[in-house]
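S.K.: Sharing a structure here in structure tokens format.
2 protein chains.
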Amino acid sequence: MGILRKTKSVKILLDEFEKKSTAISAITLIERLHSKMNKTTIYRVLEKLEDDGFLHSFLGKNGHKWYAKCSGCSSDEHHDIHPHFQCTDCGKVDCLSTDVLIPNIPNRKVDMSQILLQGKCEDCYT
Amino acid sequence: MGILRKTKSVKILLDEFEKKSTAISAITLIERLHSKMNKTTIYRVLEKLEDDGFLHSFLGKNGHKWYAKCSGCSSDEHHDIHPHFQCTDCGKVDCLSTDVLIPNIPNRKVDMSQILLQGKCEDCYT
DNA sequence: TATTTAACGCAACTAAGTTGCATTAATTGT
DNA sequence: ACAATTAATGCAACTTAGTTGCGTTAAATA
């Protein structure tokens, strides 16, 4: 079950993802919004926004949770099977539109893939 | 700096990876070996074995640390850029020899890739 | 405007992984 | 084989991302 009420917290969080299109870690949001809302609320709202298909989540390089805007997902189906790119210098994470082809694996049924690329982003790649 | 002394703990841990070729999570090792060694020791030995190129590590589906035997790595260079497969039923993780082609990403320098596939393994795929 | 109940804040908790330090045991030299 | 050296270990305490329970607040609706 996702969002039922359009609360102040929901609006604030949606706004964060609206104004910049990079992914944001839960930890970053907790630091950034600590004066406006409780961390429990942040985790709960993010979870609901994911259920609703507004955001998708994935794990960054330390196993920490990141969220980013979905494009064209619904509560029924998440089809954000794109790779994510994390800069090892500045830590920024972007969603990549590039497709990575997952070959068929014999005797296994692949339902999901999580691809995290690491390296230097356009700003840090001098 | 990796392993200097061939201690009892090192032998026990190497043996765990010798007798089965699937990946093992740090948590599993802590449970399995709690009567034989301390969890601090487990984490420290695993780290050293990775430095030495005997093991490689990656993050499983909950961001927990997993380790698996390397094949042909050295302390200088890890070239285990293979995908890992985690069964969503039994939780088992295997290293896949299948190559996944990472396309060039414009304006970015990709140094590392971490690919985790999830689905049903050969035993659970009925 | 009153009622209902989803959403919130807070404090306490959980668990993976880390750190500091005193003790133990693997290696090295004699 | 034994003593000296110091890497490795065990233990307890800590760190921190994320979770849970519960009393209170504030959106929706009637």
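Which chain is which? The protein sequence lines are A and H, in order. Reminder that position 40 of the first sequence reads as 41 in the numbering used here, one-by-one numbering, no gaps. Reminder that position 40 of the second sequence reads as 41 in the numbering used here, one-by-one numbering, no gaps. Beta carbons: idealized from backbone N, C-alpha and C, even for Gly. Keep in mind that this is a model prediction, so the values were computed, not measured.
1. Contact between the region 43-56 of chain H and the region 91-101 of chain H: three or more CB pairs below 8 Å?
2. Could you compute how far the alpha carbon of A:Ser72 sits from the alpha carbon of A:Cys96?
3. Check the Cβ-Cβ distances between A:Gly92 and every residue of chain H, and say whether any is below 8 Å.
4. Once the 5 residues before and after A:Lys110 are set aside, which same chain residues still bring their CB inside 7 Å of it?
5. Can you find a C-beta in chain H that's less than 8 Å from the C-beta of A:Arg6?
6. Closer than 8 Å, CB to CB, is A:Thr89 near chain H or not?
7. Would you mind stating whether A:Ile106 and A:Pro84 have Cβ atoms separated by less than 8 Å?
8. For a test of the three-state rule: what should DSSP assign to A:Leu30, helix, strand or coil?
9. Of all the residues that make up the region 99-112 of chain H, which are near chain A by a beta-carbon distance shorter than 7 Å?
10. Residues of chain H with a CB under 9 Å from the CB of A:Leu15: which are they?
M.R.: Reading off the structure:
1. Pairwise C-beta distances place the region 43-56 of chain H out of contact with the region 91-101 of chain H, as fewer than three of them are shorter than 8 Å.
2. As a working mapping, residue 72 of chain A is identified with position 71 in the first sequence. As a working mapping, residue 96 of chain A is identified with position 95 in the first sequence. About 11 Å.
3. In the first sequence, residue 92 of chain A corresponds to position 91, counting from 1. At least 8 Å separates the CB of A:Gly92 from every CB of chain H.
4. One-based indexing of the first sequence puts residue 110 of chain A at position 109. There are no such residues.
5. By one-based count along the first sequence, residue 6 of chain A stands at place 5. False, the Cβ-Cβ gap to chain H never drops below 8 Å.
6. Against the first sequence, residue 89 of chain A aligns to sequence position 88. Closer than 8 Å to some Cβ of chain H, the Cβ of A:Thr89 qualifies, so yes.
7. Locating residue 106 of chain A in the first sequence gives position 105, counting from the first residue. Locating residue 84 of chain A in the first sequence gives position 83, counting from the first residue. It is not a contact, given that the beta carbons lie outside the stated cut-off.
8. Here residue 30 of chain A is taken as the residue at index 29 of the first sequence, counted from 1. Note: A:Leu30 maps to helix in three-state DSSP.
9. Thr99, Val101, Leu102, Ile103, Pro104, Ile106, Asn108, Arg109, Lys110, Val111 and Asp112
10. Start at 1 with the first residue of the first sequence, and residue 15 of chain A comes out as number 14. At a C-beta separation below 9 Å, A:Leu15 has no neighbours in chain H, since its nearest C-beta there lies roughly 25 Å away.
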